[in-house]
Each structure stands twice: as structure tokens, then as C-alpha cells.
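Residue numbers (the numbering used here), protein chains in the order written: chain A, 2 to 221; chain B, 1216 to 1511.
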């Protein structure tokens, strides 16, 4: 994590979404540092774990982690969002090594993640799918289609991470965790800054899809 | 056998022979595919997730077939088609039933004349509009072999016979006064109208309308005495107008487009034939278009 602040400082001009990056950085770090079985050498391995950043806002955190782990050259951070840069304020899987989905418009990643998890199952792969959404993003109805159907489709290799920085416009009655649990997901709420808690939650295995609600403050 | 039955039979056979093929549905037709098959996924009445799941399957190397009634396959999850399929740069085969108004007793909610025009706003999509059930299987088998983005529009309406399929127009009749392009199931009506009017025109048939056969159109026009093109499409009128203009940009030409009219949202039920008549897509209306456009 030592170089992350430096990487953040090299990407300027997306002040609107800096808080989003600040909210996701700890989960992203633990994922790529300790959880995902993917590396720059295995980005095309069909048996890799797949991480889908559904909440494409604030990708400085994503790019910073990808740079730190060697998926992208850190030198490209300096001119991000310029004409020739592969790094936009929403990530593009065609342009950025290691990025599994292009995102930005909210509410797309979770349904796609159900599909990649089923695809991994069909292939007999041990790979898992992780998808990160925001609690505000959960306002999009497409997420609720996917939340409702994932357990029915027995997608046990799917883990959703909800960054809960209290951005949902009207909140969720009973809390975000309950919204998933009522549909048959294994569900837990953790401190989104506690790396050990993140690691424990993301490596837990269940016989149903799993959601980890990572609570963070809105911060810069 | 209907086009829908031909589609289900072809895809079911492919499920058994091609380990890449998968099916994603949102209830409609779900019962017609093998049950408890690991590559058949029914998501319930959730069309946005239907497309998202298909994209996820494609990202893992599968070849998803996505199917529903046209308005629910194309219009409702349009952003998912744009982003989950197109922007992720993956392929899929979308197959609709219902066409523009196959079942008009169900009203406007079940009509989708703008489906091909919507796909036309997105790059890289093939569009097939078969005119006969026997055209479905060869088009579909070819689509399943590839990795590209394909839309296939099935209808209850069909021509009396099938024609060879593949990219490019098929000339069925030759004349000197101009060219008529007939897409999919409107062909028989076009041929009857041309015969009734004794019009000296070339008739081109297309079951594949994207990619657009610009070379074929230019050649047909070059063999006539007038660069006059009437295009008859069973969906939103003028959907292919921009491609005809682009194809003939070096030639002074006239174009008339006939299809489902843009200016009115019909609140009538009745039969598909009633709607054809309202949109001048019956033999009488098409005859009038042929007579007035190719006059002189």
C-alpha cells in the first residue's frame, strides 16, 4: 500500500469521484494482494479468478492497484484521461490490461458477474467471480434482478462486494446485507478499512452466493 | 414448422454438438429448450439480467443465444446490448420473435418495429430477417460458429418458398425501370405487387440486411436505365435509407422507403394483415408505391 498515495497524486482531475476511489481502495488492495489468483502473467488464464469493477467511478484506486501489481506500467498514470491514454475516468477492458469489464454506467456488473460465474462453472473451473458494486449503485433495478436470481441459479462461486459509504439515495430498509440475505445469499457486514476482516470475508466459502458489505465513510 | 420452431430445433441440436453454445432466456420459450442443462439459463422475467448474464457467458468463452419477444429482447435492455455486449467487445446471437406486429391483439406493448433501427445505432451487428422457416437453420448455424454480434428477427409471416441465404442480395427478377429491395417476409407481397403493376423492375431479395450489400445494389442499379430504388422493409420505414444513399452517393438517384410508418402510433388491434394494410405493406399498398414511384 505504500505507493498508493503517490499513484493517487499522479492522477488528477476527477475530483468528482475521488471519494469513490477512497472508499474502494482497501478492498481493492486486499483483493489483488491476497485473494485473487490472477497476476499479469495469467490475465488470460481461463481458470483465473475474475474481478469485475461494476462501480466504475473513481478508478484511480483500481489503476493504482493494477500499477502496483504490475498489470499496467505506472508511467501511464501521469497522463490519464488524455487522448492517447488507455486510462479513462471509467475503465475499458479493451484498453487496460487486467481489466475484466468496461464499466461506468451503473448497474451492469452484477448481472454480468452472474454470467461469468456460470461460465466458470460450465468450464469446470475452480476460478471464482468477484464483483464490486456501490450501495448507491444498488439503486439501479438491474442489480435487483441479479440479486434475486443468483441464488436460484446456484451461483456458489460468486462473491459480491458492496462498498457501503451510505450513498443510496433513500437507503435500504433493514440494511444492504438484508437485501441480499432475503434472496438466499450468504451475507456479512464488515469494516471496509480492516484488511484482515476483508481478507477473511472474501476467502470464506459458502454453498450459495456470498455478499460482503464493506462499510466505509465517505472521505477524500 | 414455424420460424420459431426451426430456431428452437437448431439451437437444441447445437447444444448437443457444440460445447460453446449456451441459451439465455427470460421465460419466453424457456420450456422449449432442454431442462436442467448446464448451458441453458432462464433468469425469469428479467431482461436486463438476461443480457448481462449472456455477456458474462461470452466473457468466459461461450457462445450465448439470447432470446425473447422482440420488445423485451431489444428495447427494454437496449443499454445492456450496447454496453454488456458491444462495449465489452464480446459476441452473442440475439433471436427475437414477434417481429413488428405478429400478434397485434396484444397491442403496442408487444410491437417492436424499431428493433432493427436500434441495432443500426450500434457498430458491428449482423442482422438477419429470414423470410421462410427453411432459411432459419442455415443462417443460425453459421451464426453459432462465429464469435460476432448477430440479431435474427423471426416472424409468423413467411414467403411461400425459401431462398438461398448468405450475405448479399439475391436477384429474383430483372427489369430496366429501377430496383426494388425486399427484405424477409415481405418478398411475396412485393413480387405480387410488381406483377400486378407490370413493372419493369429488378427485384432483390435479402434475408441478411446487415452487412448491407452495397456492391450488389450498385450492380443491380447499373444494369437498369434508372437509378431508382424502392426498399420494402417489414420494420420501421427508412431503416436502410442511409445505407442506400451511401451506396449510391456517386450516382444521381431516387430512393423511396416503405415499412412500418413512423408518424403514427396505432392503437388498433385486429390482425397482422390489418396492420400491413394500415402501413401500405399489403399488395394494394405496395402496388400503389410501385406505380407512383416508377411512373414515367
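Idealized CB from N, CA, C, for every residue including glycine.
In chain order, what residues of the same chain have a beta carbon less than 7 angstroms from the beta carbon of residue 1252 (chain B), not counting five sequence neighbours either side?
1230
Sequence-distant residues of its chain with Cβ nearer than 6 angstroms to residue 1429 (chain B) (five each side left out):
1462
Any contact between the segment 1432-1450 of chain B and the segment 1396-1407 of chain B? By contact I mean 3 or more CB pairs, one from each, below 8 angstroms.
yes
Beta strand (DSSP E) segments (min. 3 residues) lying fully within the segment 1302-1355 of chain B:
1307-1312, 1340-1343
Give a yes or no on whether 8 angstroms exceeds the smallest Cβ distance from residue 116 (chain A) to chain B.
yes
Between A:156, A:117, A:146, which has its C-alpha nearest residue 208 (chain A)'s C-alpha?
A:156
State the Cα-Cα distance for the pair residue 1477 (chain B) and residue 1400 (chain B), rounded to the nearest angstrom.
20 angstroms
Which of the three DSSP states is assigned to residue 1439 (chain B) in this structure?
coil
Considering only residues of the same chain and omitting the five flanking positions on each side of residue 127 (chain A), which have a CB-CB separation below 7 angstroms?
48
May I have the straight-line CA-CA distance separating residue 165 (chain A) from residue 137 (chain A), to the nearest angstrom?
8 angstroms
Around the Cβ of residue 1359 (chain B), are there at least 16 other Cβ atoms within 10 angstroms (buried) or fewer (exposed)?
buried
Please confirm if residue 1337 (chain B) has its CB atom under 8 angstroms from at least one CB of chain A.
no
Suppose contacts are defined by Cβ-Cβ distances below 8 angstroms. Is residue 1393 (chain B) in contact with residue 1362 (chain B) by that definition?
no
Would you list the one or two residues that DSSP bridges to residue 1423 (chain B)?
B:1343
Using a Cβ-Cβ cut-off of less than 7 angstroms, list which residues of the segment 133-156 of chain A approach chain B; keep chain order.
143, 146, 147, 150, 154
For residue 1229 (chain B), decide whether its Cβ has a neighbour in chain A, counting only Cβ atoms nearer than 8 angstroms.
no
Between the CA atoms of residue 1466 (chain B) and residue 1398 (chain B) - distance to the nearest angstrom
23 angstroms
Run through chain B and tell me which residues come within less than 8 angstroms of residue 121 (chain A), C-beta to C-beta.
1275
Counted within 10 angstroms of its Cβ, other Cβ atoms place residue 1389 (chain B) as buried (16 or more) or exposed
exposed
Neighbour flag for residue 1270 (chain B) against chain A, beta carbons, 8 angstroms:
yes
Let's see if you can read the secondary structure: which residues bound the alpha helix (DSSP H) around residue 181 (chain A)?
177-182
If you count every other CB in all the chains shown that lies within 10 Å of the CB of residue 82 (chain A), and 16 or more means buried, which is it?
exposed
Please give me, in chain order, every unbroken run of the beta strand (DSSP E) with length at least 3 that falls completely inside the segment 1373-1398 of chain B.
1385-1388, 1393-1398
Residues in the segment 1284-1313 of chain B having any Cβ partner in chain A nearer than 8 angstroms:
1294, 1295, 1298, 1299, 1302, 1303, 1304
Is any beta-carbon of chain A found at less than 8 angstroms from that of residue 1255 (chain B)?
no
How long is the line joining the alpha carbons of residue 225 (chain A) and residue 1257 (chain B), rounded to whole angstroms?
The requested residue 225 (chain A) does not occur in the structure, where chain A is confined to residues 2 to 221.
I'd like to check one pair, residue 1271 (chain B) with residue 108 (chain A): are the Cβ atoms closer than 8 angstroms?
no
For the beta strand (DSSP E) containing residue 51 (chain A), list its first residue and its last residue.
51-54
Looking only at its chain, what residues have a beta carbon closer than 6 angstroms to the beta carbon of residue 1431 (chain B), apart from the 5 residues adjacent to it on each side?
1383, 1384
Starting from residue 174 (chain A), trace the beta strand (DSSP E) in both directions and tell me its first and last residue.
Unbroken run through residue 174 (chain A): none, as it is neither H nor E.
Going along the chain, which residues of its own chain have a beta-carbon closer than 8 angstroms to the beta-carbon of residue 1440 (chain B), five neighbours each way excluded?
1391, 1392
Assuming the contact rule is C-beta atoms closer than 8 angstroms, residue 1275 (chain B) and residue 120 (chain A) should be a hit. Round their C-beta distance to whole Å, please.
3 angstroms
Closer than 7 angstroms by C-beta to residue 36 (chain A): which residues in its own chain qualify, once you throw out the five before and the five after it? Chain order, please.
200, 203, 204
Whole-number beta carbon distance between residue 160 (chain A) and residue 178 (chain A), since they are thought to touch under 8 angstroms
So it is not a contact: roughly 14 angstroms between Cβ atoms.
Can at least three beta-carbon pairs, one atom from the segment 1299-1319 of chain B and one from the segment 1279-1287 of chain B, be found at a separation below 8 angstroms?
yes
For the beta strand (DSSP E) that contains residue 6 (chain A), what are its first and last residues?
Premise fails: residue 6 (chain A) lies in the alpha helix (DSSP H), 5-11, not in any beta strand (DSSP E).
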